[in-house]
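Residue numbers (the numbering used here): 2 to 253. Glycine included, C-beta positions come from ideal geometry on N, C-alpha and C. These figures come from a predicted structure and were not determined experimentally. These notes concern the structure reproduced below.
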Amino acid sequence: MTKQTGKPLVIVTDGNGRGSKLNAEQFEVDFGGGRRLLFLFPNAGWADLEVEAVAATDKSAPTISVQPCASNVIFLRVEMPNDLPAESGDAPLEAEPILNLFVQKAVEGADRDNTPKKHHVRRWAQAALLHNVEVTVRMVGEAEGRALNKNYRGKDYATNVLTFTYGGNKGEKKGQGRGESVIGDLVLCVPVVAREASEQGKALDAHFAHLVVHGMLHLQGFGHKKKADAEVMEAREREILNTLGYADPYVV
2 MTKQTGKPLV
12 IVTDGNGRGS
22 KLNAEQFEVD
32 FGGGRRLLFL
42 FPNAGWADLE
52 VEAVAATDKS
62 APTISVQPCA
72 SNVIFLRVEM
82 PNDLPAESGD
92 APLEAEPILN
102 LFVQKAVEGA
112 DRDNTPKKHH
122 VRRWAQAALL
132 HNVEVTVRMV
142 GEAEGRALNK
152 NYRGKDYATN
162 VLTFTYGGNK
172 GEKKGQGRGE
182 SVIGDLVLCV
192 PVVAREASEQ
202 GKALDAHFAH
212 LVVHGMLHLQ
222 GFGHKKKADA
232 EVMEAREREI
242 LNTLGYADPY
252 VV
């Protein structure tokens, strides 16, 4: 958004990339069921923004939490309390797992042009979320990818994705149970991903989506060293990618 005649210029873009512009002091997003997000632009500065979550009744007032994704990107999570108390004997509702995501782009030039948007990375990672996860997704060039693969796996070449897990539910299998947050990194080597997508005749975003989902599952305890484990992991990948609108990644 930019200033124009004292008011910010809001550009709204649809799924086909068509945009419309309007000068606004506030706008709202209606999710139905009385749930709305209000965006208000104070006059104090060009980048000031106030966000309010509104529900159907005061008793169901939502709570907004903010998670940083990068130095210039934040993610808003809106949580709705239950409107009615659970009746005696009802099992308590299990809370949805929380994704705390940071995206780093350590690439320039053509490699940077090939990196996916940060909100796309979040969408793909969220789709594969089974636990509370705190993860940094780092996009790197061939030199850094090769160095990491050599230092940590003893293989002197750059690979498409590396997963590093530092704590949490690493030992739990197949995503059972949540407990404390899983903490880790996913490293995606952009030139390798782009080269593979071209060689396999895949859309670049589809290949990135698969590797993010693949890495997220590794982070949460899935593996593919044994044939049976690989079959389970690949089936889950197909299922997740299908929900995202992508074809079977193992059919080339």
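Asked                                                                                                                               : Found
Buried versus exposed, by CB contacts within 10 Å (16 or more), alanine 255                                                         : Summary: the structure shown does not reach residue 255, with the chain confined to residues 2 through 253, and so no result is reported for it.
Spatial neighbours of glycine 35 in its chain, beta-carbon cut-off 7 angstroms, leaving aside the 5 residues before and after       : Ala56, Ala57
DSSP three-state assignment for asparagine 73, whether helix, strand or coil                                                        : coil
CA-to-CA distance, cysteine 190 to valine 162, given in whole angstroms                                                             : 6 angstroms
Stretch pair the region 185-201 + the region 136-154: three plus CB contacts closer than 8 angstroms                                : yes
Glycine 172, DSSP secondary structure in three states                                                                               : With a pLDDT of only 41 at glycine 172, under 50, the local geometry of the prediction cannot be trusted, and the value read off the model is given with reservation. Looking at glycine 172 - three-state DSSP - the assignment turns out to be coil, as it is neither helix nor strand.
CA-to-CA distance, glutamine 27 to glycine 20, given in whole angstroms                                                             : 18 angstroms
Separation of serine 199 from valine 214, as counted between CA atoms                                                               : 19 angstroms
Residues of its chain near valine 138, where Cβ-Cβ distance is below 6 angstroms and the 5 sequence neighbours each way are ignored : Val104, Val122, Leu187
Secondary structure of arginine 123, DSSP reduced to three states                                                                   : helix
Buried versus exposed, by CB contacts within 10 Å (16 or more), threonine 116                                                       : buried
Tyrosine 167 versus Glu97, Val136, Arg147, residue with shortest Cα-Cα distance                                                     : Val136
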